[in-house]
Amino acid sequence: PDQLAPPDSPSAARFLAQATLATTPHDIDQLVQLGWDAWLDQQFAMPLPDSLWAWMNAKGFGAAQYKSTDVGIDNALWWRLLNSPDTLRQRVVLVLSEIFVVSVRNMPVPWGQFGCAAYWDLLEAECFGNFRTLIERITLSPAMGVYLSMRGSSKEDASGRRPDENFARELLQLFTIGLVQLQPDGSPQLDATGQPVETYSNDDITGLARVFTGWDFDRFDAGSPAYMQRPMVFNQAAHSTADKTFLGATIAGSTPGLLALQQALDAICQHPNVAPFVARRLIQRLTSSNPSAGYVSRVAAAFNDNGQGVRGDMKAVIRAILLDVEVRLGLSPMSTDVSGKLREPVLRFLQWARVVQVQSADGLWNVGDLSAPDRLGQSPMRSPSVFNFFRPAYVPTQSALAQQGLVAPEFQITDECTVIGYANFMFQVLPYGASGVSANYADWLPLANDPAALVDRINLLFTGRTLSATLVADLVSAISTLPMSLSDGALRRVVTAMLIVLCSPEYLVQF
Numbered sequence: 002p003d004q005l006a007p008p009d010s011p012s013a014a015r016f017l018a019q020a021t022l023a024t025t026p027h028d029i030d031q032l033v034q035l036g037w038d039a040w041l042d043q044q045f046a047m048p049l050p051d052s053l054w055a056w057m058n059a060k061g062f063g064a065a066q067y068k069s070t071d072v073g074i075d076n077a078l079w080w081r082l083l084n085s086p087d088t089l090r091q092r093v094v095l096v097l098s099e100i101f102v103v104s105v106r107n108m109p110v111p112w113g114q115f116g117c118a119a120y121w122d123l124l125e126a127e128c129f130g131n132f133r134t135l136i137e138r139i140t141l142s143p144a145m146g147v148y149l150s151m152r153g154s155s156k157e158d159a160s161g162r163r164p165d166e167n168f169a170r171e172l173l174q175l176f177t178i179g180l181v182q183l184q185p186d187g188s189p190q191l192d193a194t195g196q197p198v199e200t201y202s203n204d205d206i207t208g209l210a211r212v213f214t215g216w217d218f219d220r221f222d223a224g225s226p227a228y229m230q231r232p233m234v235f236n237q238a239a240h241s242t243a244d245k246t247f248l249g250a251t252i253a254g255s256t257p258g259l260l261a262l263q264q265a266l267d268a269i270c271q272h273p274n275v276a277p278f279v280a281r282r283l284i285q286r287l288t289s290s291n292p293s294a295g296y297v298s299r300v301a302a303a304f305n306d307n308g309q310g311v312r313g314d315m316k317a318v319i320r321a322i323l324l325d326v327e328v329r330l331g332l333s334p335m336s337t338d339v340s341g342k343l344r345e346p347v348l349r350f351l352q353w354a355r356v357v358q359v360q361s362a363d364g365l366w367n368v369g370d371l372s373a374p375d376r377l378g379q380s381p382m383r384s385p386s387v388f389n390f391f392r393p394a395y396v397p398t399q400s401a402l403a404q405q406g407l408v409a410p411e412f413q414i415t416d417e418c419t420v421i422g423y424a425n426f427m428f429q430v431l432p433y434g435a436s437g438v439s440a441n442y443a444d445w446l447p448l449a450n451d452p453a454a455l456v457d458r459i460n461l462l463f464t465g466r467t468l469s470a471t472l473v474a475d476l477v478s479a480i481s482t483l484p485m486s487l488s489d490g491a492l493r494r495v496v497t498a499m500l501i502v503l504c505s506p507e508y509l510v511q512f
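Given below as structure tokens:
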């Protein structure tokens, strides 16, 4: 970041909208005072928050009537995302939960919602650590064991039974190396005929699946959610003793189960694809849907070596993504109309909710599942599949983006229903709050007498002052027509201005 100027208020606000869940005046002042690197250092050093799993238990969601439900996980996630001060960590964990997907929608075991809470706790604990450690903990998570059916996978036998291949396939395809061999800048390697070179075959999946046999819950007890907090344990009797050959490596059949798993993950995480593959996925979720080859290459280099010879240092990767010249200075070799990304609905909601400091009177944060199309069309840990709510390579059909060869992942959940649903949902929640939480506009109401100041504050906190002069002028003009003589006149001005911005294309596309 030597070539980055110190942050001012607009550049700080724009950075915070990418690196955190919301931007407040205090956050801006702190970033301006500390500078880019020191602010990141401070965020990396913040202590872990209280366990989500423990919060759910303390709030009574471990009662017997909730055993076979998903009740409690939404409460816990909104409590965390709307309150926790470690806002960089929460932003990164939300990203990881959309890449290494586990969803309460497919958790058909007792206390599955507690498994999801423990999984979030795991992501919090490892998101600033090492990628290799993160992958191993994800692999042995009971929630992942259920979601991708590795839990209970058994060795082949004479009846024709074969090890479950689900986790092995998604580990390679979605979590680590992808489908085709990559250059260090993320572009595909091509063979002599100009076709992309595949990274693995079905034989590789078959061999790798044997590694993941013999793992199951640690002391399963349907009477309590406690088992969902413990990593899976190894049962030799169910483990394949055949040799395990994949990606050019062979693990002898006699290798002990945990060691075989660790050797397999070592081999996968050393694959040259991991750095550019993971770099591009994280960039897409944090800053840009279509990063340049140079941007991917620089982040991949940070993954391969944090400057001290360490591979997979997540702090170095996050720092490289957020402080790259392409995203901080707009120095993309591509034209500016292909930079940035569409803000995903959950982030729009969280940004508003944190800015107005929503509170839960009963302490239960009962916001609920917001994934219906007449709400946000998206909700944390409620993905319909392992592919998340939207795929990294999604291209809107018959669009200008398609003609330019660009991807726009978040547009996969953007259609006539969800656009109108989002606008109506925000129209309903803005004045007073969402289900289970109330909004606090005390800091905003005094600005209602000065429409220009009101719009400028919204513009700064929500967009880093990137709204066009035309939209700002139109907003000020529109807000000025709302009479202050009504009892709720000030609130109407504030809420109307926020709603127009939150639904405007200039806000929805984040640069």
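Per the numbering used here, the very first residue in the sequence shown carries number 2; after that it's consecutive.
Don't be surprised by glycine CBs; every beta carbon is placed ideally from N, CA and C.
- The beta-carbon distance between Ile284 and Ala265, rounded to whole angstroms, is 27 Å. This is too long to meet the 8 Å contact definition.
- In this structure, Tyr423 sits near Arg376, with a CB-CB distance shorter than 9 Å.
- Contact between Pro393 and Pro381 is ruled out by a C-beta separation of about 18 Å, above the 8 Å threshold.
- Spanning the alpha carbons of Val387 and Asn274 requires a straight line of approximately 21 Å.
- Between Lys156 and His240, the CB-CB gap stays under 9 Å.
- A contact is defined here as three or more CB-CB pairs under 8 Å, and the stretch 223-240 meets this definition with respect to the stretch 112-128.
- A distance of 9 Å or more separates the beta carbons of Val318 and Ala362.
- Three or more beta-carbon pairs separated by less than 8 Å link the stretch 146-156 to the stretch 164-175, which places the two stretches in contact.
- Per the C-alpha coordinates, the member of Met427, Gly378, Thr214 and Gln182 positioned closest to Cys418 is Gly378.
- Taken atom to atom, the span from the alpha-carbon of Ser439 to that of Arg320 is near 35 Å.
- In this chain, the beta strand (DSSP E) harbouring Lys245 covers Lys245 to Phe247.
- Annotation: the stretch 412-465 contains no complete segment of the beta strand (DSSP E) (minimum length 3 residues).
- DSSP places Phe45 in the helix class (H, G or I) of the three-state scheme.
- In the three-state reduction of the DSSP assignment, Lys316 falls in the helix class, which pools H, G and I.
- For Trp445, the CB contacts under 6 Å within the same chain, skipping 5 residues up- and downstream, are Val495 in chain order.
- The Cβ atoms of Leu365 and Gly437 sit closer than 9 Å to each other.
- The Cβ neighbour count for Ile421, taken over all protein chains shown within 10 Å, is under 16; the residue is labelled exposed.
- Under the three-state reduction of DSSP, Thr471 is assigned to helix.
- Assigned with DSSP and collapsed to three states, Thr25 falls in coil, not helix or strand.
- Counting every other CB atom within 10 Å of its CB across the protein chains shown gives Pro452 a total of 16 or more, marking it as buried.
- In this structure the stretch 75-85 does not lie against the stretch 6-16, because fewer than three pairs of beta carbons, one per stretch, are closer than 8 Å.
- Counted as a single uninterrupted DSSP element, the alpha helix (DSSP H) harbouring Thr134 occupies residues Phe132 to Thr140.
- By the beta-carbon neighbour count (other beta carbons within 10 angstroms, threshold 16), Glu199 is exposed.
- According to the DSSP assignment, Ala403 belongs to the alpha helix (DSSP H) that extends over Ala401 to Gln404.
- In terms of CA proximity to Gly331, Thr288 leads the group Thr288, Gln360 and Met499.
- Per the DSSP secondary-structure output, Ile252 pairs in a beta bridge with Lys245.
- Per DSSP, Gln19 is one residue of the alpha helix (DSSP H) stretching across Ser10 to Ala20.
- About 23 Å separates the CB atoms of Arg299 and Glu99; that is not less than 8 Å, and the two are not in contact.
- Distances from the CA of Leu22 to each of Phe350, Gly208, Ala39 and Arg282 were compared; the closest alpha carbon is that of Phe350.
- A direct Cα-to-Cα measurement between Asp71 and Val105 gives close to 7 Å.
- Distance from the CA of Ser290 to the CA of Ser188, rounded to the nearest whole angstrom, comes to 15 Å.
- By alpha-carbon distance to Met427, the top candidate from Thr464, Ala470, Val477 and Pro346 is Pro346.
- When Cβ pairs closer than 8 Å are counted between the two stretches, the stretch 179-193 is seen not to touch the stretch 208-216, the count staying below three.
- The beta-carbon distance between Val96 and Ser384, rounded to whole angstroms, is 13 Å. This is too long to meet the 8 Å contact definition.
- Val502 sits close to Thr464, with the two beta carbons spaced by under 9 Å.
- Judged by their CB atoms, Ala77 and Leu53 are nearer to each other than the 9 Å cut-off.
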